[in-house]
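Chemist: Here it is, the structure in full.
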Amino acid sequence: MNRSLLLLHHLQWSSSSWPRPSPPLLAALSTPSSSMGATMESSVRGAEGLTARERRQLRNERRESKFNNWREEVEERLIKKPKKRYASWTEELNLDNLAELGLQWWAVRVARVSGQDSAERMARALARDFAHIEFQVFYPAVEVKRKLKNGTISNKPKSLFPGCVFLKCVLNKEIHDFIRECDGIGGFVGSKVGNNKRQINRPRPISAEDMEAIFVQVEEEQKKADIAFKEEQRSEAIFKEEKLNVESYLQDGDANGSTTDEKPKRRTRKSSKSAVNSSLTVEDEKLPTPGSSVRVLSGPFTEFVGSLKKLDHQTGQATVGFMLFGKESLVDLDVNQIVAETA
Numbered sequence: 001m002n003r004s005l006l007l008l009h010h011l012q013w014s015s016s017s018w019p020r021p022s023p024p025l026l027a028a029l030s031t032p033s034s035s036m037g038a039t040m041e042s043s044v045r046g047a048e049g050l051t052a053r054e055r056r057q058l059r060n061e062r063r064e065s066k067f068n069n070w071r072e073e074v075e076e077r078l079i080k081k082p083k084k085r086y087a088s089w090t091e092e093l094n095l096d097n098l099a100e101l102g103l104q105w106w107a108v109r110v111a112r113v114s115g116q117d118s119a120e121r122m123a124r125a126l127a128r129d130f131a132h133i134e135f136q137v138f139y140p141a142v143e144v145k146r147k148l149k150n151g152t153i154s155n156k157p158k159s160l161f162p163g164c165v166f167l168k169c170v171l172n173k174e175i176h177d178f179i180r181e182c183d184g185i186g187g188f189v190g191s192k193v194g195n196n197k198r199q200i201n202r203p204r205p206i207s208a209e210d211m212e213a214i215f216v217q218v219e220e221e222q223k224k225a226d227i228a229f230k231e232e233q234r235s236e237a238i239f240k241e242e243k244l245n246v247e248s249y250l251q252d253g254d255a256n257g258s259t260t261d262e263k264p265k266r267r268t269r270k271s272s273k274s275a276v277n278s279s280l281t282v283e284d285e286k287l288p289t290p291g292s293s294v295r296v297l298s299g300p301f302t303e304f305v306g307s308l309k310k311l312d313h314q315t316g317q318a319t320v321g322f323m324l325f326g327k328e329s330l331v332d333l334d335v336n337q338i339v340a341e342t343a
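full-length UniProt numbering numbers the first residue of the sequence shown as 1 and each following residue consecutively.
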């Protein structure tokens with residue numbers, strides 16, 4: 001620095017203390033070319049008449065003429081300049097410096113199961129003890145609708161970021177310590193700062209772009225949940241309608257059937273044995289075999305076609321499988337109520 005000042009001082013004084021040449025020497029120098037001599041003489045006279053400020057302005061003009069965009073380069077370097085580091089590690093531990101960032105979003109750790117309750121308690125505590133500050137608590141969740149067995153619809157929140165709540169405020173040490181003391185709060189999301197003597201978790205703010213992406217994600221997930229609930233309601237209504245149609249068809253079959261063709265009363269074992277044995281000996285060839293297709297002649301399943309699963313010759317009972325509501329249902333019938341289905 002001193003060397004450059006001395007050099008500049010020498011240059012400033014060198015232009016004024018330069019010895020003037022004698023008239024014969026000037027005449028000798030002007031003989032080769034009158035134009036070159038006039039130019040040198042004008043430059044010397046101009047340099048002698050300019051002050052230090054005028055010379056600096058002239059030098060800056062020459063720079064601007066050579067490099068037109070040097071100002072833009074300097075501005076870009078200043079923009080890309082890295083963030084200023086704190087002078088000492090003790091200043092990094094001072095959480096009051098976070099207030100200089102202004103209104104920011106912060107991520108707070110909560111319990112995964114009771115995250116919504118913890119967020120509500122934190123919001124009530126801030127509104128009670130810090131009513132003068134501006135804050136906002138955001139718990140990203142989707143309202144999932146489900147229809148219960150009693151017909152009511154329940155709304156249950158489903159967290160998109162379990163164990164995390166977002167807080168928007170101007171954070172300082174007082175608010176930081178107060179939030180950490182709330183029930184169900186596990187601290188702020190941040191990074192470790194300090195040295196071997198002392199370390200703390202310094203909260204890290206969330207950018208506005210990231211928070212906007214979270215808001216958009218919540219809206220999209222909510223729309224998907226609403227569409228899924230509507231589809232479930234529609235499919236349930238179709239299933240109920242098909243069930244009512246089948247039940248009405250069965251009731252019509254019962255009404256049209258003869259009242260005398262009721263399900264036979266249960267007989268004693270001895271009488272049933274004798275009756276069945278006598279009938280089987282006569283009509284054994286007419287009975288279908290297990291696995292064959294049978295048709296019901298009387299009862300609530302009149303004209304239903306099913307598959308014979310089991311035939312008990314002693315009790316005279318037959319087990320027939322019918323396809324009801326997309327599933328196979330087994331029904332016990334009397335052998336006199338079924339007949340082999342002919343192709």
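From the three backbone atoms N, C-alpha and C, an ideal C-beta is built for every residue, glycine too. All figures in this text were calculated on a predicted structure; none of them were measured in a lab.
1) Can you tell me whether F215 is buried or exposed, with buried defined as 16 or more other CB within 10 angstroms of its CB?
2) How close, in whole Å, do the beta carbons of C169 and R109 come, if the pair is a contact with beta carbons under 8 Å?
3) Using 8 Å for Cβ pairs, my map puts Q116 next to A141. What's the rounded Cβ distance?
4) Give the single residue among E143, L160, F161, P162 whose Cα lies nearest to the Cα of I153.
5) For the beta strand (DSSP E) that S293 lies in, which residues bound it at each end?
6) Between the beta-carbon of A111 and the beta-carbon of G190, is there less than 8 Å?
7) Relative to the C-alpha of I179, which residue among Q199, Q233, R124 is closest?
8) Hey, residue 346 and V296: beta-carbon distance below 8 Å or not?
9) Skipping 5 residues on each side, what residues in its chain have a beta carbon closer than 6 Å to that of M211?
10) From H176, R59, G102, F130, pick the residue whose C-alpha is nearest to that of A208; which is it?
11) May I ask which residues mark the beginning and end of the beta strand (DSSP E) holding K309?
12) Mind pulling the beta strand (DSSP E) runs of 3 or more residues that sit fully within the region 54-136?
13) Looking at the secondary structure, which residues open and close the alpha helix (DSSP H) in which R180 lies?
14) Considering Cα atoms alone, identify which of L311, R128, L93 is closest to K192.
15) Any beta-carbon of chain D closer than 8 Å to the one on E92?
16) In the structure shown, what three-state DSSP assignment does S191 receive?
17) Excluding the 5 residues flanking A100 on each side, which residues of the same chain have their C-beta closer than 6 Å to its C-beta?
18) What are the start and end residues of the beta strand (DSSP E) that includes Q317?
19) What are the boundary residues of the beta strand (DSSP E) that includes S154?
20) What is the DSSP secondary structure of D183, counted as helix, strand or coil?
21) Grab the span of the beta strand (DSSP E) containing E328 for me, first residue to last.
22) Nearest to D334 by CA position, among E134, Q317, K327, is which residue?
23) Measuring alpha carbon to alpha carbon, tell me which of I175, K224, E220, Q222 ends up nearest P203.
24) In the structure shown, what three-state DSSP assignment does L287 receive?
25) Rank G299, S292, A213 by C-alpha distance to the C-alpha of L250 and give the top, closest one.
26) When we look at the beta-carbon of L78 and count the other beta-carbons within 10 Å, is it buried (16 or more) or exposed?
27) So who's on the other strand from K168, going by DSSP bridges?
28) Should P288 be labelled buried (16 or more other beta-carbon atoms within 10 Å of its own) or exposed?
29) Quick one: using the 10 Å Cβ neighbour count with 16 as the cut-off for buried, is M323 buried or exposed?
30) Tell me the DSSP secondary structure of E341 in three-state form.
31) In the structure shown, what three-state DSSP assignment does N196 receive?
32) With burial defined as no fewer than 16 other Cβ atoms inside 10 Å of the residue's Cβ, what is the status of S114: buried or exposed?
33) So the beta strand (DSSP E) R204 belongs to, where does it begin and stop?
34) Using three-state DSSP, classify K149 as helix, strand or coil.
Modeler: This is what the structure gives:
1) Along the sequence shown, one-based indexing puts residue 215 at 215. Classification of F215: exposed, given that the 10 Å Cβ count is below 16.
2) To locate residue 169, count along the sequence shown from 1; it is residue 169. To locate residue 109, count along the sequence shown from 1; it is residue 109. The Cβ separation is near 16 Å, so there is no contact.
3) Reading the sequence shown from its first residue, position 116 is the one you call residue 116. Reading the sequence shown from its first residue, position 141 is the one you call residue 141. That pair is a contact at about 7 Å.
4) The sequence position of residue 153 within the sequence shown is 153, counting from 1. With distances taken between Cα atoms, I153 lies closest to E143.
5) Position 293 of the sequence shown, counted from the start, is the residue given in the question as residue 293. Start and end: 293-296.
6) Taking the sequence shown and counting its residues from 1, one reaches residue 111 at position 111. Taking the sequence shown and counting its residues from 1, one reaches residue 190 at position 190. In this structure, G190 does not lie closer than 8 Å to A111 by Cβ.
7) To locate residue 179, count along the sequence shown from 1; it is residue 179. With respect to the C-alpha of I179, the residue from Q199, Q233, R124 having the closest C-alpha is R124.
8) What the structure shows of the chain is the stretch from 1 to 343, and residue 346 is not part of that stretch, so it cannot be assessed.
9) As a first step, residue 211 must be located in the sequence shown, where it is residue number 211. Around M211, the same chain offers W105 as residues with beta carbons nearer than 6 Å, after the five sequence neighbours per side are excluded.
10) Locating residue 208 in the sequence shown gives position 208, counting from the first residue. Here the closest residue by C-alpha is G102.
11) As a working mapping, residue 309 is identified with position 309 in the sequence shown. K309 -> beta strand (DSSP E) spans 305-312.
12) Contiguous beta strand (DSSP E) elements confined to the region 54-136 occur at 104-110, taking only those with 3 or more residues.
13) For this step, residue 180 is matched to residue 180 along the sequence shown. Annotation for R180: the continuous alpha helix (DSSP H) segment containing it runs 173-180.
14) Residue numbering aside, residue 192 sits at position 192 when the sequence shown is read from its first letter. Comparing C-alpha distances from K192 to each of L311, R128, L93 shows the shortest one belongs to L93.
15) Among the protein chains of the structure shown there is no chain D, as only one such chain exists.
16) For this step, residue 191 is matched to residue 191 along the sequence shown. Collapsing the DSSP output to three states places S191 in a strand.
17) In the sequence shown, residue 100 corresponds to position 100, counting from 1. Here residue 100 turns out to be Glu, not Ala, going by the sequence shown. Same-chain partners within the cutoff: there are none.
18) Here residue 317 is taken as the residue at index 317 of the sequence shown, counted from 1. Run containing Q317: 317-324, per the beta strand (DSSP E) assignment.
19) As a working mapping, residue 154 is identified with position 154 in the sequence shown. The continuous beta strand (DSSP E) containing S154 extends over residues 153-159.
20) As a working mapping, residue 183 is identified with position 183 in the sequence shown. Coil, per DSSP.
21) For the purposes of this step, residue 328 is identified with residue 328 of the sequence shown, where counting begins at 1. Start and end: 327-334.
22) Taking the first residue of the sequence shown as 1, we reach residue 334 at position 334. Ranking E134, Q317, K327 by CA distance to the CA of D334 puts Q317 first.
23) Against the sequence shown, residue 203 aligns to sequence position 203. Comparing Cα-Cα distances from P203 to each of I175, K224, E220, Q222, the minimum goes to I175.
24) In the sequence shown, the residue the question calls residue 287 occupies position 287. Taken through DSSP and simplified to helix, strand or coil, L287 comes out as coil.
25) Taking the first residue of the sequence shown as 1, we reach residue 250 at position 250. Residue nearest to L250 within the set G299, S292, A213 is G299 (criterion: CA-CA distance).
26) Residue numbering aside, residue 78 sits at position 78 when the sequence shown is read from its first letter. Burial call: exposed.
27) Taking the sequence shown and counting its residues from 1, one reaches residue 168 at position 168. According to DSSP, which records beta bridges pairwise, K168 is partnered with W105, Q136.
28) The residue given as residue 288 occupies position 288 in the sequence shown. Here P288 is buried. Its C-beta has 16 or more other C-beta atoms within 10 Å.
29) Reading the sequence shown from its first residue, position 323 is the one you call residue 323. With fewer than 16 other Cβ atoms from the protein chains shown falling within 10 Å of its own Cβ, M323 counts as exposed.
30) As a first step, residue 341 is located in the sequence shown; it is residue number 341 there, counting from the start. In the structure shown, E341 sits in coil (DSSP, three-state: anything other than H, G, I, E or B).
31) Residue 196 sits at position 196 when you count from the first residue of the sequence shown. In the structure shown, N196 sits in coil (DSSP, three-state: anything other than H, G, I, E or B).
32) Within the sequence shown, numbered from 1, the residue matching residue 114 stands at position 114. It counts as exposed.
33) Residue 204 sits at position 204 when you count from the first residue of the sequence shown. Careful: R204 lies outside any beta strand (DSSP E) and carries neither H nor E.
34) Locating residue 149 in the sequence shown gives position 149, where the first residue counts as 1. If DSSP states are grouped into helix, strand and coil, K149 belongs with coil.
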